[in-house]
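Single-structure report; data block below.
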Amino acid sequence: MIKSHVLGFPRVGEHRELKFALESFWKGDSDEQALLAVARGLRKRHWQAQIAAGLDFMTVGDFTLYDHVADHIQLLGCEPTRFGFTENQTALERYFGMVRGKSGHVDTHALEMTKWFDTNYHYMVPEFSPSTQFTLHASRLLEQIEEARSLAHPIKVSLVGPLTFLWLGKSKALGFDRLALLDQLVPVYAQLLSQLAKAGVSWVQLDEPVLGLDLPSEWIARCESAYQPLKSTGVKVLLATYFSSTQGHTSLLCKLPVDGLHVDCCRALEDLPQVLDWLPNYKVLSLGVVDGRNIWATDLDRAHSMIQQAFDSGKGEVWIAPSCSLLHVPYRLSNDASIRDEVRPWLAGVHEKLDELKLLKMRVEAHLGKTNWDTAQAQLWQAHQTRVHQRQQSPLVHNPAVRTRLAELPAGVDQRSSHFNTRQAKQQDKFNLPMLPTTTIGSFPQTANIRHLRARFRKGELDRHQYWQGIQQEIRQAVEFQERIGLDVLVHGEAERNDMVEYFGEQLEGFTFSANGWVQSYGSRCVKPPILFGDVSRPNPMTVDVTRFAQSLTDKPMKGMLTGPVTILQWSFVRDDQPRSDTALQIALAVRDEVCDLEAAGIGMIQIDEPAFREGLPLRTSRWKEYLQWAARAFRISASGVADETQIHTHMCYSEFNDILPDIAALDADVITIETSRSDMELLRGFGEFAYPNEIGPGVYDIHSPRVPKKAELVRLIQKAIEVIPARNLWINPDCGLKTRAWAETEQALKVMVEATADTRALL
Ligand code: GLN
Ligand code: ZN
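For the sequence shown, my numbering assigns the number 23 to the initial residue and increments by one for each residue that follows.
As structure tokens, this is what we get:
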């Protein structure tokens, strides 16, 4: 038997309806009823799409107003007590209180937010302590089941599994191991499953993506006992794994007391042979054959042969699905007019993926002799496969010049000509900077004026010349301000950039952009990742004009500002027809050309931002080494085409680095700036203990808040920094770029930073 389903659907709506409904509700422009009506409408539309695609189940429980993990916190009754919720607050008030930190009477910091595995989706972190208790609050879920029932189609409820829910939470008591809560949590899941059975639900999908991590053995040892009590609740359980291989415990998963197992055949195909061997044939095997993390049309022949393999191995019931929730891809790409015409047919968003599932299922059914495979279907299949093959063969994707250049990279292309010590001496001679030089990370406030300027240029209301005049004016103001307050190394302010990846992608060959390819990042926030479809090259310089102009306004060093190869890769949808490492190298060469052109234009300092360097780490530590090697090499290739005197900076944020310090050092940037203020310089301690060899600029104030720091605070932080890093290697800068801040607070904060630095210098 063959069935089809999805693990989860996006929530925000094809036209970001939920985002706009939330924003209007938060502003007080609309009421709760209006918000909930939009949510109901979206659920209904999403279920109808699933029915139309011939899926055997509609998935219920994956919808959320903000974040599905936050929904589970309420479902399982473990709202942190620090919020001080009262009896008379509604569930919705408490919900927004937790996720936003401010709602009604609630005024405390929100739940922490962090990345959902290696995706760009952020979830709200549950908080656990020895006093955490779980109680079931299933009314919202049951209402949604009721709602779905009106569509008269079978339902599968999707939930985060107990191991994953605990793992994703954070212990809020020193030394407390949250695994100790499992024994309390499991009975609540059992109770929930029984209630779902009573509500007529026959299948529940429990997502356990943590099974693709290097889980500590104590956690693995508890899998069986966690799932045993869920066995006799009256519903069947599909255990869903995704994002990475379950190697090491695949056999255990096959034996767990559940009714089915979902395997990610895009990211963890290597698990399939074992699962085919070890999963008892009476259990359901769900195959994630359509990529839920990327946007390329599926090779249906290939997917079909995987499904065939499952039947050949004796499996009685096979389900097909996307590899993971469709949360991570845009709704629809086949009608997006912004995408290059030739590339558009190669793509698949949610709706196109549903069509693929439909076609696959029909094909398998025909194969099993259940239905006929008629000519219309055969034609659809053929047309689809033709598009897949067109992409493979298209000259748009393959650029021989790029290939040749990569094949013939000279030895040492990723090495500066001299050791850091030699470079440092030459750079000191050249720039003659004071001790503790001050700088910023690149962007200055993106004012309404700047956004307006860019929008008018995009719409054609301004010609190139008028737009450039406007941008020059912004740069002039930024430079004048930096000189006035006495910063040592200046930046142009990035007024011409909407986004640090899109800006470069738009100027590189091999990229295209959608108009509406939004993907939820967190809550009401969405991003629109560029689509990297082919060999990357740089037809023209991308930043030379702006940077040269900015340098012409000052005698101080002007730092050129680029986005690095790993970050461009990480924040785009990238091709799946070659290793990510190859794509990274191609981008690296394009960035390298830009770096060399900047140097030739007289720019002596160039920053190559890599904020996504750390988030590129694979989920399994056994794969870290390989990633770190090619990622660092890509960075070094981009940075190594310049003379010793040219100073290469890099910037990273949102990161802990302690476990990859040797790899950060291996980037061999002359200067790295990092986010440290919120950790009170603790992050810097690791660099000190490791004896990080090159120069480093620990962020001295948090740019995420409008608060202007006090001079004494900064002096204290700088002194703390000097305790762990030799002063001659230290720079002083904010944590990150200032684009989300307003000018008023930016001016004051940077002034305080410069004064605090001057005071500290006087003491040295
Ligand atoms: N140069 C960028 C900026 O200042 C860096 C942004 C980032 O680290 N995310 O905005
Ligand atoms: Zn940053």
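Glycine residues also receive a C-beta, built at the ideal position from the N, C-alpha and C atoms.
- Closest to residue 500 by CA distance: which of 488, 483, 518, 484 is it? By one-based count along the sequence shown, residue 500 stands at place 478. Ranking 488, 483, 518, 484 by Cα distance to residue 500 puts 518 first.
- Message: Using 8 Å for Cβ pairs, my map puts residue 297 next to residue 272. What's the rounded Cβ distance?
- Response: Here residue 297 refers to the residue found at position 275 when the sequence shown is read from its first residue. Here residue 272 refers to the residue found at position 250 when the sequence shown is read from its first residue. Right, the Cβ-Cβ distance comes to about 6 Å (below 8 Å), so this counts as a contact.
- What are the start and end residues of each continuous alpha helix (DSSP H) run of 4 or more residues lying completely inside the segment 670 to 719, in chain order? 683 to 687, 704 to 711
- Message: Run the Cβ filter for me: residues under 5 Å from any heavy atom of the ligand ZN, listed in the order they occur in the chain.
- Response: 633, 675, 758
- Message: So residue 785 and residue 749 are supposed to be a Cβ contact under 8 Å. How far apart are they, rounded?
- Response: The residue you call residue 785 lines up with position 763 of the sequence shown. The residue you call residue 749 lines up with position 727 of the sequence shown. About 10 Å; that fails the 8 Å criterion.
- Item | Which listed residue (634, 367, 656) has its alpha carbon closest to that of residue 678 | Your numbering for residue 678 matches position 656 in the sequence shown. When each option's Cα is compared against that of residue 678, the closest is 634.
- Same chain, Cβ closer than 7 Å to residue 36, neighbours up to 5 away in sequence not counted: Position 14 of the sequence shown, counting from 1, holds the residue named residue 36. Closer than 7 Å at Cβ, skipping near neighbours: 353, 354.
- Task: Would you tell me roughly how many angstroms separate the C-alpha atoms of residue 853 and residue 230, rounded to the nearest one?
- Result: The structure shown does not extend to residue 853, since the chain spans only 23 to 786, so no value can be given for it.
- According to DSSP, is residue 463 helix, strand or coil? Position 441 of the sequence shown, counted from the start, is the residue given in the question as residue 463. Residue 463: coil per DSSP, three-state reduction.
- Message: I'd like to know if the segment 643 to 660 and the segment 598 to 617 are in contact, where contact means that at least 3 CB-CB pairs between them fall below 8 Å.
- Response: yes
- Item | For residue 318, the three-state DSSP class (helix, strand or coil) | Looking up residue 318 in the sequence shown gives position 296. Residue 318 falls in the strand class under three-state DSSP.
- How would you label residue 729, buried or exposed, when you count the other beta carbons within 10 angstroms and need 16 or more for buried? As a position in the sequence shown, residue 729 is number 707, starting the count at 1. Exposed.
- Task: Please name the residue or residues paired with residue 629 in a DSSP beta bridge.
- Result: Within the sequence shown, the letter at position 607 stands for residue 629. In DSSP, residue 629 forms a bridge with 583, 671.
- Query: Hey, would you say the C-beta of residue 703 is under 8 Å away from at least one heavy atom of the ligand GLN?
  - Reply: Taking the first residue of the sequence shown as 1, we reach residue 703 at position 681. No, the Cβ of residue 703 stays beyond 8 Å of every heavy atom of the ligand GLN.
- Hey, quick one: how far does the alpha helix (DSSP H) through residue 398 stretch, first residue to last? The residue given as residue 398 occupies position 376 in the sequence shown. Counting along the chain, the alpha helix (DSSP H) containing residue 398 begins and ends at 397 to 415.
- Message: Given the structure, does residue 631 come close to the ligand GLN, in the sense that its CB is under 8 Å from one of the ligand's heavy atoms?
- Response: The residue you call residue 631 lines up with position 609 of the sequence shown. Yes.
- Message: Using a Cβ-Cβ cutoff of less than 6 Å, which residues in the same chain neighbour residue 72 once the five nearest sequence positions on both sides are dropped?
- Response: As a working note, residue 72 is residue 50 in the sequence shown. If we look at residue 72 and ignore the five residues flanking it on each side, its Cβ neighbours are 80.
- Grab the span of the beta strand (DSSP E) containing residue 534 for me, first residue to last. The residue given as residue 534 occupies position 512 in the sequence shown. Note, residue 534: beta strand (DSSP E), 531 to 534.
- Task: Classify residue 76 as helix, strand or coil using the three-state DSSP reduction.
- Result: The residue you call residue 76 lines up with position 54 of the sequence shown. Coil.
- Is there at least one non-hydrogen atom of the ligand GLN closer than 8 Å to the beta-carbon of residue 137? By 1-based counting over the sequence shown, the position of residue 137 is 115. Flag unset: Cβ of residue 137 not near the ligand GLN.
- Task: Please report how far the alpha carbon of residue 486 lies from the alpha carbon of residue 548, in whole angstroms.
- Result: In the sequence shown, counting from the first residue as 1, residue 486 sits at position 464. In the sequence shown, counting from the first residue as 1, residue 548 sits at position 526. Looking at the two C-alpha atoms, the distance is approximately 29 Å.
- Message: Taking the alpha-carbon of residue 535 as reference, which of 416, 311, 527 has the nearest alpha-carbon?
- Response: As a working mapping, residue 535 is identified with position 513 in the sequence shown. Residue 527 is the option with its Cα nearest to residue 535.
- Got a sec, what are the start and stop residues for the alpha helix (DSSP H) residue 292 sits in? Residue numbering aside, residue 292 sits at position 270 when the sequence shown is read from its first letter. Segment: none, residue 292 is in no alpha helix (DSSP H) and carries neither H nor E.
- Could you tell me the distance, in whole angstroms, from the CA atom of residue 624 to the CA atom of residue 594? One-based indexing of the sequence shown puts residue 624 at position 602. One-based indexing of the sequence shown puts residue 594 at position 572. Rounded to the nearest angstrom, the two C-alpha atoms are 31 Å apart.
- Message: At the level of alpha carbons, what is the spacing between residue 603 and residue 590?
- Response: Numbered from its first residue, the sequence shown carries residue 603 at position 581. Numbered from its first residue, the sequence shown carries residue 590 at position 568. Looking at the two C-alpha atoms, the distance is approximately 12 Å.
- Message: Can you tell me which residues form a DSSP beta bridge with residue 227?
- Response: Indexing the sequence shown from 1 puts residue 227 at position 205. Note: residue 227 sits in a beta bridge opposite 180, 260.
- Message: Is residue 522 close to the ligand GLN? I mean its beta-carbon at under 8 Å from any heavy atom of the ligand.
- Response: Position 500 of the sequence shown, counting from 1, holds the residue named residue 522. True, at least one ligand heavy atom lies under 8 Å from that Cβ.
- Query: Can residue 399 and residue 418 be called in contact, C-beta distance under 9 Å?
  - Reply: Counting from 1 along the sequence shown, the entry for residue 399 is found at position 377. Counting from 1 along the sequence shown, the entry for residue 418 is found at position 396. No.
- Buried versus exposed, by CB contacts within 10 Å (16 or more), residue 395: Here residue 395 refers to the residue found at position 373 of the sequence shown. Residue 395 is exposed by the Cβ-count criterion.
- Message: So the candidates are 57, 555, 770; which of them puts its Cα closest to the Cα of residue 362?
- Response: On the sequence shown, position 340 is the one that residue 362 refers to. Cα-wise, what sits closest to residue 362 is 555.
- Query: How would you write the range of the alpha helix (DSSP H) that residue 46 sits in, first residue to last?
  - Reply: Within the sequence shown, residue 46 is the residue found at index 24, counting from 1. Per DSSP, residue 46 belongs to the alpha helix (DSSP H) from 39 to 49.
- State the CB to CB distance for the pair residue 101 and residue 116, rounded to an integer number of angstroms; the pair is presumed to be in contact (CB under 8 Å). Here residue 101 corresponds to residue number 79 of the sequence shown, with the count starting at 1. Here residue 116 corresponds to residue number 94 of the sequence shown, with the count starting at 1. Residue 101 to residue 116, Cβ: 6 Å. Contact.
- Message: Less than 6 Å between C-beta atoms, sequence neighbours within five positions excluded: which residues of the same chain meet that for residue 318?
- Response: Reading the sequence shown from its first residue, position 296 is the one you call residue 318. Hits under 6 Å: 598.
- Over what stretch of residues does the beta strand (DSSP E) that includes residue 286 continue unbroken? On the sequence shown, position 264 is the one that residue 286 refers to. First-last of the beta strand (DSSP E) with residue 286: 282 to 286.
- Task: Express the C-alpha separation of residue 374 and residue 406 in angstroms, rounding to a whole number.
- Result: On the sequence shown, residue 406 is found 384 positions in, with the first residue counted as 1. On the sequence shown, residue 374 is found 352 positions in, with the first residue counted as 1. Roughly 11 Å separates the two Cα atoms.
- Compare the beta carbon distance of residue 264 and residue 310 with 9 Å and say whether it is the shorter of the two. Indexing the sequence shown from 1 puts residue 264 at position 242. Indexing the sequence shown from 1 puts residue 310 at position 288. In this structure, residue 310 lies closer than 9 Å to residue 264 by Cβ.
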